[in-house]
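Trainee: Residue numbers (my numbering), protein chains in the order written: chain A, 63 to 347; chain B, 98 to 458; chain C, 270 to 540.
Ideal placement from N, C-alpha and C gives every residue a C-beta, glycine not left out.
One structure follows; several queries about it will come next.
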Amino acid sequence: MSLLLTIVATWGIYTLLGIGIVLIYRTSRVLNIAGGELAIFLGYVVAWAVADGFPVAAAVPIGLVAAAGLGFAVFWLMLRRIMGQPPHVGLMMTVGIAILLNGLIVILFGGGNVTIDAGFSRTMALGGAILSERDLAAAVGAWVSIAVLALVYRVTDLGLQMRAVAEKVMLSAQRGVNINRVVALSWVLGVIAAALAGTLHGERAFVAASAAVIGINALLACLIGGMDSLRGVVIGGLIVAVSENLTAYYVDPRYALLTPVGLVLITLVVRPWGLLGTVEEFHRV
Amino acid sequence: MSGVRRAPRMPSSLPLGTARTFALRRGRAQWTVCLGGVAILLSLPLVLSAYWLHLANLVLIAVVGAVALNLLTGNARLVSLGQAAFLGIGAFTAGLMSRAAEIPFPLVLVAAAAAGGIVGLIVAIPSLKLRVLYVAVTTLALHFAVATILVMIQAVVLDSSGITLPIPALGPLALDSAVKWYYALFSIAALVVLGALNLLRSYVGRRWVAVGEHDVAAAALGVSVVRAKLSVFVVSSAVVALAGALMAYYIGTVSFESFNLNLAIAYLAMIIVGGMGRVLGSVLGAVLITLLPYLLDQAFAGLGLGIRASTLAGIQEVMYGALIVGFLLFEPRGLAEIWRHLRAAAADWPFRYRAVQRGQR
Amino acid sequence: MTALLEVEGLEVVYGHAIRAIQGVSFHVDEGAIVGLVGLNGAGKTTTIRAISGFLPTEHVRITDGRLRFAGRSILGLRPYETARLGIAVVPEREKVFDTLTVRENLDLAVSAGRTLRAGAELHAKFHSVEDVFALFPPLAARAEQDAVLLSGGERQMLAIGACLLGAPRLLIVDEASLGLAPLVRRQVLHLLLRLNQEMGLTVLLVDQDVAGVLSIARHGYVLENGRVVFDGPSDRLLAHGDVQEFYLGRGNAGERGYRNVKQYRRVRRWH
Chain A
63 MSLLLTIVAT WGIYTLLGIG IVLIYRTSRV LNIAGGELAI FLGYVVAWAV ADGFPVAAAV
123 PIGLVAAAGL GFAVFWLMLR RIMGQPPHVG LMMTVGIAIL LNGLIVILFG GGNVTIDAGF
183 SRTMALGGAI LSERDLAAAV GAWVSIAVLA LVYRVTDLGL QMRAVAEKVM LSAQRGVNIN
243 RVVALSWVLG VIAAALAGTL HGERAFVAAS AAVIGINALL ACLIGGMDSL RGVVIGGLIV
303 AVSENLTAYY VDPRYALLTP VGLVLITLVV RPWGLLGTVE EFHRV
Chain B
98 MSGVRRAPRM PSSLPLGTAR TFALRRGRAQ WTVCLGGVAI LLSLPLVLSA YWLHLANLVL
158 IAVVGAVALN LLTGNARLVS LGQAAFLGIG AFTAGLMSRA AEIPFPLVLV AAAAAGGIVG
218 LIVAIPSLKL RVLYVAVTTL ALHFAVATIL VMIQAVVLDS SGITLPIPAL GPLALDSAVK
278 WYYALFSIAA LVVLGALNLL RSYVGRRWVA VGEHDVAAAA LGVSVVRAKL SVFVVSSAVV
338 ALAGALMAYY IGTVSFESFN LNLAIAYLAM IIVGGMGRVL GSVLGAVLIT LLPYLLDQAF
398 AGLGLGIRAS TLAGIQEVMY GALIVGFLLF EPRGLAEIWR HLRAAAADWP FRYRAVQRGQ
458 R
Chain C
270 MTALLEVEGL EVVYGHAIRA IQGVSFHVDE GAIVGLVGLN GAGKTTTIRA ISGFLPTEHV
330 RITDGRLRFA GRSILGLRPY ETARLGIAVV PEREKVFDTL TVRENLDLAV SAGRTLRAGA
390 ELHAKFHSVE DVFALFPPLA ARAEQDAVLL SGGERQMLAI GACLLGAPRL LIVDEASLGL
450 APLVRRQVLH LLLRLNQEMG LTVLLVDQDV AGVLSIARHG YVLENGRVVF DGPSDRLLAH
510 GDVQEFYLGR GNAGERGYRN VKQYRRVRRW H
């Protein structure tokens, strides 16, 4: 039914954004609180390109290039300086970046609701049920992106180096891995993931200044699944998507966030390192 | 600025007299400056226009909240994104209580602070085992939990219209003018500032700092990390809730929309810009960040540029972000540090450096 | 014979108070095997960290001394930079990536090692994962397993193999035989000797196993409480009375104890 498809689509989007956050966290140990704002900002870039007349197939790559540039800029200008400092500094830095982007969204793009029209209709009939074609497109887009990112992480040289740096930084440096390059690229990948998530959200719903809340959903997914586990994000995303959508549908959309937040608070008390996270990593921070 | 009578001190890294190290003010000159400053502040209502007096009141309320947040995030280094949540708790407690019955103003304030403290305790308990990163996200989750609950309260109990509060009265004196509010808020803010300074010098505060800098080492030295974290959370949340209640009474109405994440980030900006861990930093940061939107407004009006309110809000957010990032990169100790440099330079002028024989400050 | 690695007067301080190593000087000639031996806490690992660029850290700093590799100063270089110059280190503990498979560990060494390759001759012999498998058949059998499942000896082989793929000019091995059975220990040392003789790989062995190390090293330095107290050709060291008593277990060192023996207060040099 339509609710199921919505859940699958939002699950994919939250997981995608969450993967971006975890990739960044694993190599640089910085929690990217600005994930939602990055996603929406880049979603607006794509929406603006589409409104300017670019076909969607060209607008999305434009957004991805902007994402790569933005990711590298955040790494270079800001995070490089604070990589050695205690964790609260990096955290507050991302908070600053988040509100900076929020302001830019309002100034540059107006902050209002903008939908990315990829040519999908709102409704379609499938086997007797009325579904949202947009949700379907978003779901497909999200899960394909996740598969590609997983492939990069598992199979390519870069992914191997990222996994090595995530485990033991010093040993990686000794083996000849250029740590700066790997961390920079993981930021680029993380922001690209955010851009994709924002674009897909804009396609199925809309981008708006208020839509940056998807970053919170992704963070909640990461917390439930385990900050250092990519597979955990998938599970966490499912839990968040299900709990949020069910609450919105059966109770009240305004209280939708309460359920996933409650689940996260329970997780933090009972099993703070998440479902698939490692205890050692939890104590490391 | 030391007293003229004192004998030259031996250069030593140990404080040779604890009285001097821990005194609130040293020397006659500093006392004069201090009292003079207080006199100026107390006479401000006589010279300021209504508009600026209103801003001054907002600044004073922000000072209360910023000082409290700085204790938690600056000294104990527990980054908290829950500032808006606690302000909301204080404000709603005040609103609901004043709506329910004729409860005297001071009692409502105490109740609001107590509500904040209790919630702070509840939040602190899971945070005991968590490190900085997880404490931060716990407070973030708390923010959303509280924000949603406030929405629920307002929708269910109050049919979505917000709460209007009566004009508060301190004994026979009704706070019905900006001037009266100024003196009341000034007293409260002064008490909070002095209380914070006192706490930081006491063993309680020093344990907070020890836990903040290196909790493992602190535990090894016998500091009860549990008690330190609990106490700092409770004290900080209670005072923030107090600020929220004050805000509710001052503005006159309470509604859930004002307690959003931007408010929490604004307070973080106050302590980052002002100087984390320093009470003076909280004050300076509160002044700057509170006045910023109004200064921007004036600037645009003065330049004759018409600008939409929403864009102005955007510019304000960009400035907050830029200030946070900029200060973290370039002057992580904030305005308080810059102030210290200026003071030292002024004291030494025309020399650039201080001679060793003059002893320590 | 040119000195590949020269350490002069090295001093490392922990916190602001404890001198972990003081006035340490030694050199490693190109193509030689040199042993730096000592008991626990003598300062061996600290010396390696200083050479490979892991200092200064938050609490530990190099406060004096000179470090030269192939004629150029390496003081202050970071681990990535010393790796590029051709210094490979097999650490004492965290030597392999547990979450990667054996093959992935080696693939990483190949892909990251593309920027290394300081030792051309070695690179000609070792440039693929298959070369390492040929050298260490047990690794080939476990190629697709996670490295966390390896035994101590296999871990050592994997670490050495990964280092070789970077074609270093100097291989520093910290505690080559720690936790290994005596037979495996001999095999590892014999392997290092082979690498040195057949491929000209310069090796610095830092170890507690004095007998084992000095059996394959040409020259040895004995480190005690942060200072070099003896050095000389291996055969002379092995024959020295104090070394025999306190490091090789012959004589009645147990009864007499360190501090009663005046010889240790003086620094001896044998050439």
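1) Okay, do the stretch 323 to 330 of chain C and the stretch 362 to 380 of chain C touch, 3+ Cβ pairs below 8 Å being the bar?
2) If you follow the beta strand (DSSP E) that C:E280 is part of, which residue opens it and which one closes it?
3) Please work out which residues of its chain come closer than 7 Å, Cβ to Cβ, to B:F189, disregarding the five sequence neighbours upstream and downstream, and give them in chain order.
4) If you measure beta-carbon to beta-carbon, which residues of the stretch 326 to 337 of chain A are closer than 8 Å to chain B?
5) Taking the alpha-carbon of A:A310 as reference, which of B:T245, B:F397, B:L318, B:H151 has the nearest alpha-carbon?
6) What residues of chain B sit near A:Y76, judged by a beta carbon separation below 9 Å?
7) Report the three-state DSSP secondary structure of C:H488 (helix, strand or coil).
8) Pull up the distance between the alpha-carbon of A:Q236 and that of B:L358, whole angstroms please.
9) Quick one: does A:Q236 have its CB under 8 Å from some CB of chain C?
10) Kindly indicate which three-state DSSP category B:S146 falls into: helix, strand or coil?
11) Could you name the residues of the stretch 100 to 118 of chain A whose beta carbon sits closer than 9 Å to any beta carbon of chain C, in the order they occur along the chain?
12) Going by DSSP, what residue range makes up the alpha helix (DSSP H) through A:V84?
13) Taking Cβ to Cβ, would you say B:S333 is nearer than 8 Å to B:L169?
14) Name, please, each residue of chain A whose Cβ falls closer than 9 Å to the Cβ of C:E361.
15) Which residue spans inside the stretch 374 to 426 of chain B form an unbroken alpha helix (DSSP H) run of at least 4?
16) If we cut at 8 Å on Cβ distances, does C:S380 have a partner in chain A?
17) Taking Cβ to Cβ, would you say C:I320 is nearer than 8 Å to C:I441?
18) Tell me the rounded alpha-carbon separation between C:R537 and C:V281.
19) Are the C-beta of C:V475 and some C-beta of chain E separated by less than 8 Å?
20) Taking the beta strand (DSSP E) that C:F295 belongs to, which residues open and close that run?
21) Any C-beta of chain B sitting closer than 8 Å to the C-beta of A:R316?
22) Roughly how many angstroms lie between the CA atoms of B:G423 and A:A303, to the nearest whole one?
23) What do you get for A:G339, buried or exposed, if any count of 16 or more other CB atoms within 10 angstroms of its CB means buried?
24) Please name the residue in A:G336, A:V323, A:E265 whose C-alpha comes closest to that of A:R293.
25) Assuming contact is defined by CB atoms lying nearer than 8 Å, are A:L132 and A:A259 in contact in what I supplied?
26) Which residues, taken in chain order from the stretch 83 to 95 of chain A, show a beta carbon closer than 9 Å to some beta carbon of chain C?
27) Would B:Q395 be called buried (16 or more neighbouring beta carbons within 10 Å of its own) or exposed?
28) Rounded to whole angstroms, what is the Cα-Cα separation between A:L222 and C:R372?
29) Using 8 Å as the limit for Cβ to Cβ distance, is B:S379 near chain A?
30) CB-CB under 6 Å to C:V401, same chain, minus the five flanking residues each way: which ones, in chain order?
31) Helix, strand or coil: which one does DSSP assign to B:F119?
32) Evaluate B:Y231 with the Cβ neighbour count: other Cβ atoms within 10 Å of its Cβ, from every protein chain shown; 16 or more gives buried, anything less gives exposed.
33) What are the boundary residues of the alpha helix (DSSP H) that includes A:F134?
34) Hey, is B:M249's beta-carbon within less than 8 Å of any beta-carbon in chain A?
35) Let me make sure I understand the geometry here. Which of B:L206, B:A406, B:G371, B:P223 has the alpha-carbon closest to that of A:V326?
36) Here's a check: name, in chain order, each residue in its chain whose Cβ is nearer than 8 Å to the Cβ of B:H151, leaving out the five neighbours to either side.
Mentor: Reading from the atomic positions:
1) no
2) 272 to 283
3) L247, I250, V351
4) V326, L327, L330, V331, P334
5) B:T245
6) The premise fails here: A:Y76 is roughly 15 Å from chain B at the closest Cβ pair, so nothing lies under 9 Å.
7) strand
8) Between the alpha carbons of A:Q236 and B:L358 lies a distance of about 43 Å.
9) yes
10) coil
11) For chain C, none of the residues of the stretch 100 to 118 of chain A brings a beta carbon within less than 9 Å of one of its beta carbons.
12) Going by DSSP, A:V84 is part of the alpha helix (DSSP H) stretching over 64 to 90.
13) yes
14) Chain A residues near C:E361: none, gap ~12 Å exceeds 9 Å.
15) 376 to 399
16) Yes - at least one Cβ of chain A is within 8 Å of the one on C:S380.
17) yes
18) Bear in mind that the predicted position of C:R537 carries a pLDDT of just 47, short of 50, making it unreliable; the figure below should be weighed with that in mind. Rounded to the nearest angstrom, the two C-alpha atoms are 22 Å apart.
19) Considering every chain present, this structure includes no chain E. Its protein chains are A, B and C.
20) In the DSSP assignment, C:F295 falls within the unbroken beta strand (DSSP E) covering 287 to 298.
21) yes
22) 36 Å
23) buried
24) A:G336
25) no
26) none
27) Exposed, since its Cβ has fewer than 16 Cβ neighbours within 10 Å.
28) 11 Å
29) Not one chain A Cβ lies under 8 Å of B:S379.
30) L375, G430
31) Only weak support exists for where B:F119 lies, its pLDDT of 46 falling under 50; the coordinates are left without a value.
32) buried
33) 118 to 135
34) By this cut-off, B:M249 is an interface position.
35) B:P223
36) A275
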